[in-house]
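**Student:** A single structure is presented below for examination.
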Amino acid sequence: MTERPLPDAWQNAELPGDLPPLGADVIGTFTDTIYGHTPPGGQLTDLVLQSREDGVLDGAADRLRHRAVIACPLGNLELDLLTHLPTGGAPAPVFVVLSFTGIEETLEGEQARRWPYAAIARAGYAVLTVDYRQIEPDDPAATAAGVRALFPTTDGEPWGAVAAWAWGLSRCLDAAGHIEGIDPVTAIAVGHSRLGKAALWAGVQDERFAVTVSNDSGCCGASLFRHPGGEDIAAITSRFPHWFVPSFTAYAGREDKLAVDQHQLLASIAPRRVYVCSAEDDAWADPVGEYLAVVAARPAFGADGIGYHVRPGGHDLIEEDWLQILDFVRR
Ligand code: GCU
């Protein structure tokens, strides 16, 4: 896949003048201000193979379904995992990707275009996915149904749903380590949109992810708060208050008062690798702000440590994104 050039109109895009510098340890600030503290605990206790179909997708992949049981302090969380392994050959590196839909719908539902399993398998990679709502419901009112209800409440602010989904990516990686045919040493966290925010937070926190990929993750994902355009803190906290710590709303309309910005989140993953994907017409995610975050984070990485592409079109995860991601991961 050849690299796509930047759109002409972006050539003059400038970094905001007041970006906080790289170099400081800012993970604690991101924790306290935006995503919340992820409590320790959550142990994979059981991984039961439910079904196995060999040679699906014209022989490209073996398809496995597992039920994972994760013991948490106040009860068990059960997750249904769908894994595609490239057929034959050595243990494969694995993409760990949360799904917006049930796992069966990734095969033929409305969002199946986001899951080019055959192309990924032919490239020699495994994919493991779980429906993100099994980890934590995406609902400001659903306080009792997800993993956050399985941990005792603490004095500080509760962790947000984005952090809960990030925790789920790590538990999926725990499970991947027990699936024959996966080499968990090369694990890649991938997420689209709100799940791209979760993938980045997982990449920051879990050093087992060798590569972290954000697709169209926008506000509180890869895009800079201080670059105007698209969603801002007022918009995101009024519609999705459950994603973050409650006090994050205090920064609505006060982006300049935040101690951090998102290029520092990307840089926190270095020296492990990061790849950011944008779509030109995805104005709500502020693709220029995502690009500038990569530019500002670049000094924290080695030559090939951080990569970026923007493709024509709107908010989506399509095969072209996957092919660019595969190119980056292989490099
Ligand atoms: C909304 C939200 C975004 C989010 C997106 C998605 O548009 O405002 O922050 O990334 O949903 O997850 O699709």
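Here the working numbering is used: the first residue of the sequence shown is 830, the next is one more, and so on.
Just so you know, even glycine gets a beta-carbon here, dropped at the ideal spot from N, CA and C.
Predicted model, so just to flag it, every value in this text is computed and none were measured.
1. Going by Cα to Cα distance, which pick from Y1080, V1103 and S1076 is closest to E1036?
2. I believe T862 touches L1087 by the beta-carbon criterion, under 8 Å. Please report the beta-carbon distance rounded to the nearest angstrom.
3. Can you pull the DSSP bridge partners for S928?
4. Quick check: the Cα distance between P858 and E843, rounded to an integer number of angstroms?
5. Classify R1159 as helix, strand or coil using the three-state DSSP reduction.
6. Could you spell out where the beta strand (DSSP E) holding Y946 opens and where it closes?
7. What does the alpha-carbon distance come out to for the pair L903 and H895?
8. Do A900 and T916 have their C-beta atoms within less than 9 Å of each other?
9. Going residue by residue through the segment 1083 to 1116, where are the continuous beta strand (DSSP E) segments of at least 3 residues, counting only ones entirely within it?
10. Can you tell me the Cα-Cα spacing of C1001 and A1063, whole angstroms?
11. For the beta strand (DSSP E) that V1042 lies in, which residues bound it at each end?
12. Can you confirm whether the segment 923 to 931 touches the segment 1011 to 1022 when touching is taken to mean that 3 or more C-beta pairs between the two stretches lie within less than 8 Å?
13. Indicate, with yes or no, if the ligand GCU has a heavy atom lying under 8 Å from the CB of W988.
14. According to DSSP, simplified to helix, strand and coil, what is V923?
15. Report buried or exposed for V877, applying the criterion of at least 16 other Cβ atoms within 10 angstroms of its Cβ.
16. On the three-pair Cβ rule with 8 Å, is the segment 972 to 984 touching the segment 879 to 893?
17. Hey, would you say F1054 sits closer than 9 Å to D1090, going by beta carbons?
18. Can you round the beta-carbon distance between Y946 and H913 to whole angstroms, since I take them to be within the 8 Å contact cut?
19. Looking at the ligand GCU, does it come within less than 8 Å of A1114, judged from the CB to the closest heavy atom?
20. Using 10 angstroms around the beta-carbon of R1160, count the other beta-carbons present and answer buried if the total reaches 16, otherwise exposed.
21. Would the segment 1040 to 1053 count as touching the segment 948 to 958 if we require 3 or more Cβ pairs under 8 Å?
22. For P836, which residues from the same chain have a beta carbon less than 8 Å from its beta carbon, with the 5 sequence-adjacent residues on both sides left out?
23. Is T912 helix, strand or coil when you go by DSSP?
24. Should A1051 and A1004 be called a contact, given that it needs their Cβ atoms to be closer than 9 Å?
25. Take the Cβ of A970 as the centre, count every other Cβ of all protein chains shown within 10 Å, and call the residue buried at 16 or more, exposed below.
26. Considering only residues of the same chain and omitting the five flanking positions on each side of A1112, which have a CB-CB separation below 8 Å?
27. From G997 to P849, what distance separates their C-alpha atoms?
28. Just tell me which of F1157, E1119, W839 and A897 has its CA closest to the CA of V1040.
29. Can you give me the C-alpha to C-alpha distance between D847 and V1042, rounded to a whole angstrom?
30. Any heavy atom of the ligand HEM closer than 8 Å to the Cβ of D968?
31. Taking only runs that begin and end inside the segment 987 to 1055, name each unbroken beta strand (DSSP E) of 3 or more residues, in chain order.
32. Keeping to the same chain, check which residues put their C-beta closer than 6 Å to that of T930; ignore five residues upstream and five downstream.
33. Report the partner residues of R833 according to the DSSP bridge assignment.
**Tutor:** To lay it out plainly:
1. Counting from 1 along the sequence shown, the entry for residue 1036 is found at position 207. For the residues Y1080, V1103 and S1076, the minimum Cα distance to E1036 belongs to V1103.
2. Reading the sequence shown from its first residue, position 33 is the one you call residue 862. Reading the sequence shown from its first residue, position 258 is the one you call residue 1087. So it is a contact: roughly 7 Å between Cβ atoms.
3. For this step, residue 928 is matched to residue 99 along the sequence shown. Its beta-bridge partners are D960.
4. Start at 1 with the first residue of the sequence shown, and residue 858 comes out as number 29. Start at 1 with the first residue of the sequence shown, and residue 843 comes out as number 14. It should be noted that the sequence gives Thr, not Pro, for residue 858. Answer to the nearest angstrom: the Cα atoms are 26 Å apart.
5. For the purposes of this step, residue 1159 is taken as residue 330 along the sequence shown, with counting starting at 1. In the three-state DSSP reduction, R1159 falls in the helix class (H, G or I).
6. If you number the sequence shown from 1, residue 946 lands on position 117. Counting along the chain, Y946 falls outside any beta strand (DSSP E), though it belongs to the alpha helix (DSSP H) covering Y946 to R951.
7. To locate residue 903, count along the sequence shown from 1; it is residue 74. To locate residue 895, count along the sequence shown from 1; it is residue 66. Each residue's alpha carbon lies about 23 Å from the other.
8. Numbered from 1 along the sequence shown, position 71 holds the residue referred to as residue 900. Numbered from 1 along the sequence shown, position 87 holds the residue referred to as residue 916. If you check the CB distance, A900 and T916 do not come in under 9 Å.
9. 1102 to 1108
10. On the sequence shown, residue 1001 is found 172 positions in, with the first residue counted as 1. On the sequence shown, residue 1063 is found 234 positions in, with the first residue counted as 1. C-alpha separation (whole angstroms): 32 Å.
11. In the sequence shown, the residue the question calls residue 1042 occupies position 213. Here the beta strand (DSSP E) through V1042 covers F1038 to N1044.
12. Contact holds: three or more Cβ-Cβ distances are below 8 Å.
13. The count along the sequence shown starts at 1 and reaches residue 988 at position 159. No, since every heavy atom of the ligand GCU falls outside the 8 Å radius drawn around the Cβ of W988.
14. Locating residue 923 in the sequence shown gives position 94, where the first residue counts as 1. Strand, per DSSP.
15. Residue numbering aside, residue 877 sits at position 48 when the sequence shown is read from its first letter. Exposed: under 16 other Cβ atoms inside 10 Å.
16. no
17. Here residue 1054 is taken as the residue at index 225 of the sequence shown, counted from 1. Here residue 1090 is taken as the residue at index 261 of the sequence shown, counted from 1. Contact flag set, yes.
18. If you number the sequence shown from 1, residue 946 lands on position 117. If you number the sequence shown from 1, residue 913 lands on position 84. With a Cβ gap of about 5 Å, Y946 and H913 count as contacting.
19. Indexing the sequence shown from 1 puts residue 1114 at position 285. Yes, Cβ of A1114 sits closer than 8 Å to a heavy atom of the ligand GCU.
20. Locating residue 1160 in the sequence shown gives position 331, where the first residue counts as 1. Result: exposed.
21. No: fewer than three Cβ pairs fall under 8 Å.
22. Start at 1 with the first residue of the sequence shown, and residue 836 comes out as number 7. Within its own chain, the residues whose Cβ lies closer than 8 Å to the Cβ of P836, once the five positions on either side in sequence are excluded, are E1109 and V1139, listed in chain order.
23. What you label residue 912 is simply residue 83 of the sequence shown in a count that begins at 1. If DSSP states are grouped into helix, strand and coil, T912 belongs with the strands.
24. Taking the first residue of the sequence shown as position 1, residue 1051 is located at position 222. Taking the first residue of the sequence shown as position 1, residue 1004 is located at position 175. Not in contact: A1051 and A1004 (Cβ atoms no closer than 9 Å).
25. Start at 1 with the first residue of the sequence shown, and residue 970 comes out as number 141. So A970 counts as exposed.
26. Here residue 1112 refers to the residue found at position 283 when the sequence shown is read from its first residue. Around A1112: G1058 and G1059.
27. For the purposes of this step, residue 997 is taken as residue 168 along the sequence shown, with counting starting at 1. For the purposes of this step, residue 849 is taken as residue 20 along the sequence shown, with counting starting at 1. Computed Cα separation, rounded: 30 Å.
28. The residue labelled residue 1040 in the question sits at position 211 within the sequence shown. Ranking the options by Cα distance to V1040, first place goes to F1157.
29. As a working note, residue 847 is residue 18 in the sequence shown. As a working note, residue 1042 is residue 213 in the sequence shown. So the alpha carbons of these two residues sit roughly 26 Å apart.
30. In the structure shown, the ligand HEM is absent; the only ligands present are the ligand GCU.
31. Counting only runs of 3 or more, we get 1011 to 1021 and 1038 to 1044.
32. Here the question's residue 930 lines up with position 101 in the sequence shown. So the qualifying residues of the chain are G938 and Q940.
33. The count along the sequence shown starts at 1 and reaches residue 833 at position 4. Looking at the DSSP assignment, R833 forms no beta bridge with any residue, so it has no partner.
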